[in-house]
Amino acid sequence: MQLTEYCRRGIFSPCNQEAEDQLRSRYPDDPLLLNFISLNNDDDYSGLWDLKVFHKINRLCDSMIDDYEEEVIEPDQLYLIVRLIDQEYQNVSSPSLKIFFKSFRELLEKAIKNQKPVFFIF
Numbered sequence: 562m563q564l565t566e567y568c569r570r571g572i573f574s575p576c577n578q579e580a581e582d583q584l585r586s587r588y589p590d591d592p593l594l595l596n597f598i599s600l601n602n603d604d605d606y607s608g609l610w611d612l613k614v615f616h617k618i619n620r621l622c623d624s625m626i627d628d629y630e631e632e633v634i635e636p637d638q639l640y641l642i643v644r645l646i647d648q649e650y651q652n653v654s655s656p657s658l659k660i661f662f663k664s665f666r667e668l669l670e671k672a673i674k675n676q677k678p679v680f681f682i683f
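Under my numbering, the residues of the sequence shown are numbered 562 to 683, in order.
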């Protein structure tokens, strides 16, 4: 199964090496142990694009997070995203986006602690 079929429209970080290897292969075949944030709420998803959050991450990390793209941010760059999230959180009034930013920061902190990448799959 392709990665986009397995996990769609979300942000993921593997909890162990097996999950990381399967995510990197783009063809996971087993249930994976992941930290996961769903972006299936269209209003939140649109709000993040309106705030240009993914564009800003792309600039910081030289990445290509976009619709219909899969992108991996390696552990050594995650602290850049944490700083960005902290800044963006101050500018957000939507309660659901505030919850998203808190959850995203927690996922990033776990990934940094465990030295695991973060996968963006839209």
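A virtual CB, placed ideally from N, CA and C, is assigned to each residue, including glycine.
| So, helix, strand or coil for F683, using DSSP? | coil
| Neighbourhood of F573 by C-beta distance below 6 Å, restricted to the same chain and skipping five residues each side | L595, F597 and F680
| task | With a floor of 4 residues, list each alpha helix (DSSP H) that falls wholly inside the segment 567-609, ordered by position along the chain. | result | 578-586
| Taking just the CA atoms, how far does D627 sit from F615? | 7 Å
| Which same chain residues, not among the five before or five after A672, have their C-beta less than 6 Å away from its C-beta? | S574, L639 and V679
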